[in-house]
Each structure stands twice: as C-alpha cells, then as structure tokens.
Amino acid sequence: MIKITNLEKYYRTEEVETVALNKLSFEVKEGEFVAVMGPSGCGKSTLLNIVGLLDDPDGGSFLFNGIEVAGFNERKRADLRKHNIGFVFQSFNLIDELTVFENVELPLIYTGVKAADRKVRVEEVLDKMQIMHRRNHYPQQLSGGQQQRVAVARAVVNNPKLILADEPTGNLDSSNGNEVMQLLTDLNEQGTTIIMVTHSEHDAKYSHRIIRMLDGQTVTENILV
Amino acid sequence: MLRNYFKIAFRNLWRNKLYSFINIAGLAMGIAAFILILQYVSFEKSVNGFHRNIATTYRLLNENPKGETWPQVEPGWAQKAKERFPEIKAYCRFEEGVGQGIVRRTTENAEPFRETNVGYAEGNFFEFFSFNLLEGNAAAFKKPNVVFLSKAAVKKYFGKDEPIGQSLILYNQFGKATYTVNGVYEIPVNSDIRYDMVFSLETLSNPANLNDNDWAQLDNLSSQYINTYFQINETADYKKLEQKLNTLRNELKKDKDGLVFRLQPFANVHLPASFSDNYQTTGNLKYVYILSIIAILILVIAWFNYINLSTANALKRANEVGVRKVVGASRGSLVLQFLGESVLVNMISFGLALLIVQLLQPLFNTIIEKELAFTSLLSTPAWVAGLGLLIVGSLLSGAYTAYSLSGFNPVETLKGKLVKTNKAVVLRKSLVVFQFSISIGLLLVTAFIYRQLNYMQHKSLGVNTDQLLVIRGPQVDKDSTYKQRRTAFINALAQQSFVKDYSLSGSVPGNGYNFATSGFSQPGSRKGDELKSFSFALIDDRYLNTYEIGLKAGRTFTQPETMVEWNDNDKVLMNEKAIEELGFKSAEEALNTKVQWDERKLQVIGVVKNYHHVGLQKAIDPIIFYPQSNSAYFTVRLQTDRIKDNVAQMETLFKSYFRNNPFEYFFADENFNKQYISEQQYSKLFTTASVWAIVIACLGLFALATYTVEARTKEIGVRKVLGANVFTIARLLSKDFLQLVFIAFVIAVPVVWYTMYRWLENFAYKVQLSWWVFAAAGIVAIGIALLTISFQAMKAAFANPVKSLRTE
Ligand SMILES: Nc1ncnc2c1ncn2[C@@H]1O[C@H](COP(=O)(O)OP(=O)(O)OP(=O)(O)O)[C@@H](O)[C@H]1O
Ligand SMILES: [Mg+2]
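Chains as they are written, first to last, in full-length UniProt numbering: chain A, 1 to 225; chain B, 1 to 808.
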C-alpha cells in the first residue's frame, strides 16, 4: 500500500538546515499495523505527516497504492487524503466550537456526503466508540479518553483505508490508553491499515511490526507477529 | 455546509464576546458615520434636481476681471435678450433681499412680522420652476399686487382661516402696498429657492409703486439686483448664447464697467461640476468633499480594525484551520467559510449601524445644519455607489482575512506553534499606524480650527461689543410724524437708568456696510486710485462713543452735522486704512487736505482708529463714515444685570412710538460672532469626526492589546518568576504600541501642517501653527493610547504567574 524509497526532508531556518528524514525507505502492506519508534527528534512526526499527505517530501519516492504522490500539489494531496486517510493525534485536535457529533461529521461534510447519510454514519461510529450518549457535548466537557475516542471516531467515519496515529495515548492514563489501543486493534482487524508513532513499548506490542528510527533513518525492524 | 459555517461563525462570535463586540461595534460605528454622511452627500447632490427643465435652464451671472461672479444682474437684460435671441424660450427674474420688509394682515391690530426671506418674482415663476401649487393656479401670479404663500406663511398669518382672497400689507423700501393672496405653494427641502412668500414682480412695473426708487425699474440696465434665469432650446449651445449676450451687453451698456456675462447651468448652481468651476454656487462642494473624505477615512479605520482583529484572532483559529484541513477541507472551502463569517459580522454591524443612524440623526443634523432623514439617502443614485463601496469594502476586508487564515499550514498549526509570519505582523502594524495617523490628523485639525475660531471670537476688535443691544429701526408708518416720534423715542430711551449710551446708525459691526463705492482721490493720489473701493457706514454723532471706537485725530460729527441733507454734506470721517489707501502719509495730512469724490469735495474731519467692522476672515476695509440720522439700527449700551426686564421695558417704549412695527433686537457680540458660523460648523464637524475616529481606533487598539497580552501570558509569567516587576512588564507590553502611535503622529504632522496652512490662508487674521499644539495633540494621542493599552497591560502585569504558567 505504501512504498517509500530514499525519502528526504529538510527544514531550513535562517541559520541551520536540519535533516529530518535522511534517505529513509520502508514499506507498509495493506492490512498491516505498524508502530514507529525512536528518540525524540528523530523524524517520526515528519514521516507521518508526509505519509499522511499533509507535507511534501524534498526528495525520494513515495508510492501510495502504486501511484507516485511525491510532488503532488496541495489540492491533489487534499483530495487523496480526505478519501483515504484518517488521523489521530496526541492532543486530540477537536474543534472546540463544534459538538462531538459535529466534529465527527466534519470529514463527511468535506467529502460531500448528504446530510441524512451523514447522520446515519456518524451515529453508527459514535455507537461503536461508545460515546453516543455524549453526542451533543462540546470537547471541553469530555475527559481525555473520551476526547480521544471522538478523535478516533472522526478518523474512521469516512472508512479510510489508512489510519495514522501520532502518539495517540501520549496524553492519556494507562486505562484510557489501553482502551484507545483496543479500538485501533479492532479497526485493524476489520481491515484498516494503521501506522502509529509511539514512545511506549507497551503500546507498540499491539502492532505487527515495529520500525525503529534514528536521525531520520530506519535502523531496525522487529516483526512481532 | 453553509449551515455548518454559519453555526460555527455564530459560536465563534459568542465565545469571543469581547472580540466580537469590539469588531461589530467598531464596524457599526464606521458604517453609521458613513451612512449619515452619505445622506448629506445625496441630499446636496439632489438639490434643485426636481425642476423638470433643469437641463435646459441657465442662470445669468456677472463676472468681474478678477473672476468673481454674482447672480445679481440688471433687470432690463432679460427682455432684451429674449427679443434678440430666438433660442431663449423663456426667462424668469426674481430678487432676494430687495423686497424684504414687514408684513401684516389688514385686520385691525394684526401682528406685524419682519420677513427677510421674501421677494418679488416674475409672473411665470410657478410655470418656469417646478414648485407644487397647493391652491390657486400659476397664471394668477402674473397680475400686479398678488402674493403666493408657503404653507408655513399661511399658518403664521392666517392660522386655520382660508388664505385665498385675503390681503397682506407689505412695508418695505417701496413703501406700503397691499397684496392679495392668490396661491399657496410647497417647496421641497432640496430647493435652493426658499421663499416664505413671493410677491408678483409685475407690481414694480408700475412706477407709482416704486416710491421714487428709480434704480429698481424693471427695464433698467444699471442696477444689479435681480436673478435672471433663461430656458433655452434643447439644441441651442449655451456657450454661443453667452457670447451673444456679451455682444449685446457691450452694445447697450454705456458705462464700461469691465464686467462680462456668464451662463451657469442650473444643474451647477448648487454644486459646481468640479473645483475648477469657480462660479458662485449656493452649496459648498468643498464641504461635500471634506465630509466624503471623512466618511471614507472613518470607514477605513473600521475595516482595518476588522482585519487586525480577525487576523489576530487567527492565533486562536489556527488549530481549527489545521484540523479542518487534516479532515479534508480544501483552501477554497475555508476561504468560503471565513468569508461567510465576515458577511455575518458585516450584516450584524450594518443592522446596528442603522440603529446608530436613527439615534444620531438629530445630533448630526444640528452639526451640519440640515434637516436630513434616512430618506435623504434615496434622493439621488449616490446611495448606490455608497452601498457598493460598503459591500466591496466588507468583501475585501473579509477576503483578506479569509485568505490569510486559510493559508495556515496544518502541520505547523497542529504542532501548536503558529509561526507568526513577519508579513502579517508588519501589515498589522501598518494598519494601526494608518488608523492613528488619521485619528491624530483629525484631532490636530480640530485643535487648529478651534484655536482659530477662539482667536477670532476673542481678539480685540477695536470696538466694545459687550452689553450692546441693537434694535432694528422701524419700517412701517414712516410718515410725516416719524422723525418726531423717533426723537421722542430716543429721548425716552436716554432717560432710562439702564441706558448708558445710545446711537442711531445705518450699519453696525457684524452686519456689513451700507454700500461700497469708488471715485475718490486727493491731490497726492496716483492714477488708478479712483478705482479703489471704499465702504460706507452711515453714523450719527454718538456712534463712536457708544461703540467705544477710538479716534486717532480730529473729531467726530456734531449733532447738527448729522441733520444735513445727503448732497449738501461735505464732512466725513475715515478710518486709518482709508487714509492710507488714499495715499495720505499721516492723519494730519488727511485732515488738512480736501478729498475729491466724483464732483464733490469732502473734508475729513476725523480719523477713526482701525476696528473690525466685519469678521476677522477679512482684512480691515477702508471705511468712510458719513453723517446721517439713519434709523436702520438703534444701538443701546446697557448698564444692567436685569437684561430681560429692561428689554421688556424697551419693547413697551418702542411699541408706544412705532405701533405697527415688530420689536426686534440682537446683542452686538452675538451678532458679530454669527459671521463665524461656517468655522463653528467646521469645528463641530471635526470634533465629532475626530472623537468618532479615535473611539473606533482605540477599540481596535484595546482588542489588539488584549490579544498580545493573551499571547504573551506565558512569557509574562516566566519573566515575573525570574523577578521582573509590574512596571517593567507594563512597559514591555506598551512599548510596541506606543511606538506605532508615535510613528502615526510623525506621519500626521506634515499632512496637517500643510492642510491647515492652506486653510488659514482664508483668514486675514489667524493663529500660528505653533509647534506646541502639535506636541500637545501628540501627547494626548499617546495618552489615550496608553490608557487603552494599560488596562490590559496592568492586568497581565499584576496577574499571578503561577496561574498563567499552569494554563499552558
Ligand atoms: N517546522 C520545523 N522547522 C524546523 N525544524 C523542524 C520543524 N519541524 C521539525 N523540525 C526538526 O525536524 C526533526 C524531526 O522532527 P519531528 O517532529 O519529526 O521529530 P519526532 O521524531 O516526531 O519527535 P518527538 O518524538 O519529540 O515528537 C527535529 O530535529 C526537529 O527539530
Ligand atoms: Mg513527534
């Protein structure tokens, strides 16, 4: 599903140039659950942003379902992204002015789903995430675990083939964290490909494979399953 | 999708109440000022537009070699021109001022009123112009001794009685005459011609009705006193007609006075087509432009607030933008969303603006001295342009914010570190500088106008106008007993303990001169001096004393000298300026030399110290004082603190000698200051405009300060933990803003200096553009800004650092 070869990304500030990704290569097959680990600053988030088509690489090749997407313009990336990819962040990133229902509904609005269908689908996924009873609450009124479940709901409501999670349990206590990991595992079992960045060896155990990074490169891969 | 946008827009407004309030209030204030001024501009543009034939109607003007024009022409031209030039379809003459006098009903003991806003007009007046006749028919005005009344005049004289067929007596310089009311008309508010009542000019075609005023004969070509309008064929070229009229003038005018005729399109009589068109107008194009500019500047300040606040608010919105992009929003859809929000904010502001307009209408009307209403807007298509400007401006300011907000990179915003691009910061600062330049500029203009006005009102005039009451002389019943009654009245007045001094005169300071004329010379004059114009004031022996005007040399008139017949008199007084104009080196020389006035020889018996007979806009004129017991004005110097009672006593006295005359009086100082009405109007206008602009700009500054403080809460907390005190922190937060206000000040100063320099050129006597006024205005502006910011800065500086650090 994803094939990355010699991917490069630099950040240039006035004085220094940081190499965030240094000729990095790896592959993810459809249906896989991959964890990405590594010390802080090694380029995990950068990688995830590029895989998620939020950012553009500076070099190398990135095949998404066999199509070369490195060099896609913003509009094309946005189009590909909204139909195929869901995101879960460490800090939830819900919109404070929207209710739980409306937050989850948002991706459907941007993909042009009709209002009646939206209602059905949003309720279905809220049900699945067991957050239905909070549908009219605002994010501030929820606990961290609940907020992350809403965020997961939002990530999956469009039935994306790929979910990218950047430290999804980073802001949660262990029981809430485990709950979110269970949700991701369930999704993966239903066929969704998942790439998850994490600092937690415990969370990483939910995955099939761990990619370890250092200084913008992959160093080892542990196959768990 | 749209609903979603509006929903989130509403919630956003609601959540950020302070921000929304300031944004909406500022915009509403800006739009309200704009609408009010647009009303005025629309009104001014609509004046006279209701006349059906305006496009083919022209006003005849006289123009002198200096390029000055005036509409009073000799009455004889109209008929001569019509006979000669077939392109003239019709003409209409009417005068303003000559016919004024006292009017009363014929019934016994009817109350007399002085009518200044009346005149004689051509028989076709109601056909030529498009006034609405409520009663009577237009043709009825063609007969002599007919009067048509406005609705207000009907009410004043006849109350609820039927006016048609009734009679009114008019006492004026043409004597006493009775007129039959044959019509009632209505004049729209946007008409320049505003007679309260109009008498048929035909009356004056009978020499018996002229009371020996031969100058007023309707076919004469020597007295300029009447307005003449022509209606010409649609195909005719008025410039060609103008040439022909001048040829006619040269042919028939014996004394070559150097004047030429001009034809002014009726459409340009109120407002000229452009500033290069120098013909006399009844409206003030400059004022229209100044107001339009103020309107746009205030609106721009409000829009800049909007842009500044919206982009500053973006710090908060960044996360939302990021999330929306991650879940699939395209930039276009975000632009639409933010545009929607701006439309919403603008619509709310517009609604609020309409409310403010309603509330402020009376205040605005007093400032500009017009009776405007919301409907004034619709009187010309100007409102379409205005509304267009409003919409375009709102869309542009909305589009700018939408564009900049939607451009956020989600990767960065979601990381929580919104890189403040230099471009955005520079823009925000420039907008603040611009807003404050305008505000400070208006403040400075206000200060100088106020100073000039104050200066004119308080500069020593060379005449003491305090406690001087002026009674208008009688005009009715000036029969053979009049002189006797007048003497008796004056004597009775002099007896009163509150009368310190009194005088009879033909003119008084503040009300102009009796007339001006030329033809003076003395043996030492140069050639051409006889063309110099001298102003005449008719005074009695007590005038100088009563007004406390100083004599430089010689003496004033004696009482017997004021009784000498006009043509037999050879004694005059002159002011210093007059003897200087005549080429005398000293007052003594003037006293010892006879002055030639055409065929007559005059002896200057005294030289009067220069004093201001007219407003300080004008330099002191050369004045010749001519002795006469003229009773146009009775001036009384009072020594009393019971003015009200004393005025009542004088009225009783006046009425007992001049029964059918209205008792009318004014105070000399107030009357003199009436000459500054236009400056007072500017002063009020600029005061209001600058307050308005400053309030809007400060609203914006306040909100920006709030954002800055919010954005720097953590920094402030850290600094406090590290030992910074309240003062250092308040200074840190205020410094940047004050810098901007200072830059704005530096920009405003030269612009204002130049503008005020040009404005002050209108005045012969003027204030200096003192540096300290600039400095003071700068300090005031910085003070206001500091006050605005300091609230937020102090709040932040005093806040508990532990709290601010924890919220991160
Ligand atoms: N916008 C940016 N400008 C400059 N350098 C950046 C930027 N974003 C990331 N970097 C640099 O790129 C490198 C990789 O950053 P990245 O955020 O991908 O690390 P990470 O592995 O996700 O770290 P963490 O585990 O702490 O989240 C770092 O050295 C970082 O300093
Ligand atoms: Mg990271």
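Virtual Cβ for every residue (Gly too), placed ideally from N, Cα, C. All values reported here derive from a predicted model rather than from experimental measurement.
Could you give the C-beta distance for L263 of chain B and E242 of chain B, rounded to a whole number, given that I count them as a contact under 8 Å? 5 Å
Can you give me the Cβ contacts of F33 of chain A inside the same chain, cut-off strictly under 6 Å, excluding the 5 residues immediately before and after it? N188, I194, S207 and H208
Using a C-beta to C-beta distance shorter than 7 Å, which residues of chain B count as neighbours of D55 of chain A? V411
Which whole-angstrom value describes the C-beta separation of I696 of chain B and I301 of chain B, a residue pair presumed to lie in contact below a C-beta threshold of 8 Å? 5 Å
What residue range does the alpha helix (DSSP H) around Y225 of chain B cover? Neither: Y225 of chain B is in no alpha helix (DSSP H) and is coded neither H nor E.
Beta carbon proximity, A329 of chain B to chain C, threshold 8 Å: No chain C is present in this structure, whose protein chains are A and B.
Between T18 of chain A and ligand 1, is there a pair consisting of the residue's CB and a ligand heavy atom that are separated by less than 7 Å? yes
Please tell me whether, using a cut-off of 7 Å, the distance from the CB of T46 of chain A to the nearest non-hydrogen atom of ligand 1 is below it. yes
Would you please verify whether the beta carbon of T111 of chain A is less than 8 Å from any beta carbon of chain B? yes
Quick check: is any heavy atom of ligand 2 less than 7 Å from the C-beta of D215 of chain A? no
Inspect the CB distances between the segment 1–21 of chain B and the segment 45–56 of chain A and report whether three or more fall short of 8 Å. no
Taking a Cβ distance cut-off of 8 Å, strictly less, list which residues of the segment 187–207 of chain B are near chain A, in chain order. none
Can you tell me which residues form a DSSP beta bridge with V767 of chain B? Bridge partners of V767 of chain B: none, in fact.
What residues in its chain sit with their C-beta under 6 Å from that of F89 of chain A, if we drop five residues either side in the sequence? D166
Test item: CB-CB of F654 of chain B and L469 of chain B under 8 Å: no
If you reduce the DSSP assignment to three classes, tell me which class Q166 of chain B lands in. coil
Is it buried or exposed for N800 of chain B, if we count other Cβ within 10 angstroms and need 16 for buried? exposed
Would the C-beta of D173 of chain A count as close to ligand 2, meaning under 7 Å from any of its heavy atoms? no
Boundaries of the beta strand (DSSP E) in which Q603 of chain B is found, first to last residue: R600 to V608
heavy atom of ligand 2 below 7 Å from D166 of chain A C-beta: yes
From A:N171, A:G66, A:L24 and A:R135, residue whose alpha carbon lies closest to that of V219 of chain A: A:L24
Using the three-state DSSP reduction, which class does Y10 of chain A fall into: helix, strand or coil? strand
Which ranges would you report for the alpha helix (DSSP H) in the segment 156–210 of chain A if only whole runs of at least 4 residues count? 174–189 and 201–204
What are the residues of the segment 5–27 of chain B that lie near chain A, defined by any Cβ-Cβ distance shorter than 7 Å? I8, R11, N12 and R15
Check the Cβ-Cβ distances between A70 of chain A and every residue of chain B, and say whether any is below 8 Å. no
Distance between M456 of chain B and K618 of chain B (C-alpha atoms, nearest Å): 11 Å
If you compare alpha carbons, which of B:I232, B:N109 and B:K80 is closest to I88 of chain B? B:I232
Reduced DSSP category for I8 of chain B - H, G, I as helix; E, B as strand; rest coil: helix
Exposed or buried, what is E341 of chain B when buried is set at 16 or more other beta-carbons lying within 10 Å of its beta-carbon? buried
Rounded C-alpha distance that separates F364 of chain B from M29 of chain B: 14 Å
Comparing the CB of E14 of chain A with every heavy atom of ligand 1, is any distance shorter than 7 Å? no
Going along the segment 125–137 of chain A in order, which residues come within less than 9 Å of chain B, judged by CB to CB distance? none
8 Å Cβ cutoff, L414 of chain B in contact with chain A: yes
Below 7 Å on C-beta distance, what does P107 of chain A contact in chain B? V327 and G328
N93 of chain A and L414 of chain B closer than 8 Å at C-beta: yes
Coil, strand or helix - N511 of chain B by DSSP: coil
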